[in-house]
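Numbering (our numbering), first residue to last: 837 to 1111.
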């Protein structure tokens, strides 16, 4: 070791390393690593003393550029082991004589980055699904409102039909009474009232048929009315469920927004974590 500054750094390196014990500290000349202290549970053999620089290494970039280099390390050089590094050029009498580098593990950082990225992705997908649910819920709510309107109109029509059957039954009863009176008068008229008697019989038959038909209509209408009431109750329950679901969607959406903010903070934090 021909350079005094490099020799001096090697002497004080163990003391300096105590401040950054988590990192691997190395000192280099312009071609190779000449001194190395492993970090706590962390040591990259490729940067051990006696090893020459590899292309893409932080130490070589520092020596070549003569500038401080701080970046993510090239995992291809370390067999896939992730690490962060900083290289500081050592200048003596205006001449580049080597560098001092620190390498520290970033597996926790990368795990946090990956987890936060996956969390952002999952939350984004959940928010999209929630938006689709909200849209479907709105359509369902609109449909239930239309059903309520239609069932109300049907109920009104059913009531009108019931009123008309009441009126028809009343007319039928009066027609039957008229036919009966006509038959009595025809009987009194004897031979002269025979033709009128036939007409009165037909009137009475028509009255009976009308009464039967009206009764059938009322029965059918009552069934329809009952079904309308049942439908209305079901639609009311559906509308209530949709309303509750909508409130749940809003609450879930707010929670997802909070999770998204937290995941973004975690992602940003992962960018600055060093160990």
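Just so you know, even glycine gets a beta-carbon here, dropped at the ideal spot from N, CA and C.
All values derive from a computational prediction rather than experimental measurement.
Hey, how far is the Cα of residue i from the Cα of residue j?
i, j, result
"residue 1110", "residue 910", "Low per-residue confidence applies at residue 1110: pLDDT is 43, beneath 50, and the placement is therefore not dependable, though the value from the model is reported in the following sentence. Answer to the nearest angstrom: the Cα atoms are 16 Å apart."
"residue 967", "residue 1064", "33 Å"
"residue 1105", "residue 839", "Low confidence applies here, because residue 1105 scores a pLDDT of 48, under 50, leaving its location unreliable and the question unanswered by this model."
"residue 889", "residue 939", "15 Å"
"residue 913", "residue 902", "21 Å"
"residue 999", "residue 961", "57 Å"
"residue 1052", "residue 1061", "14 Å"
"residue 846", "residue 957", "47 Å"
"residue 980", "residue 993", "20 Å"
"residue 898", "residue 859", "18 Å"
"residue 857", "residue 929", "31 Å"
"residue 921", "residue 874", "14 Å"
"residue 887", "residue 964", "52 Å"
"residue 872", "residue 861", "6 Å"
"residue 1059", "residue 995", "12 Å"
"residue 985", "residue 1054", "23 Å"
"residue 917", "residue 978", "57 Å"
"residue 852", "residue 870", "17 Å"
Provide the residue span of the beta strand (DSSP E) that contains residue i, from first to last.
i, result
"residue 930", "No beta strand (DSSP E) holds residue 930; DSSP gives it neither H nor E."
Which partner residues of residue i appear in the DSSP bridge assignment?
i, result
"residue 938", "861, 922"
Alpha helix (DSSP H) segments (min. 4 residues) lying fully within the stretch 842-921:
894-901
Can you find at least 3 beta carbon pairs, one from the stretch 926-940 and one from the stretch 863-872, that sit closer than 8 Å?
Counting C-beta pairs closer than 8 Å gives three or more between the stretch 926-940 and the stretch 863-872, which meets the contact rule.
Do the stretch 971-984 and the stretch 870-884 touch if we need at least three Cβ pairs shorter than 8 Å?
no
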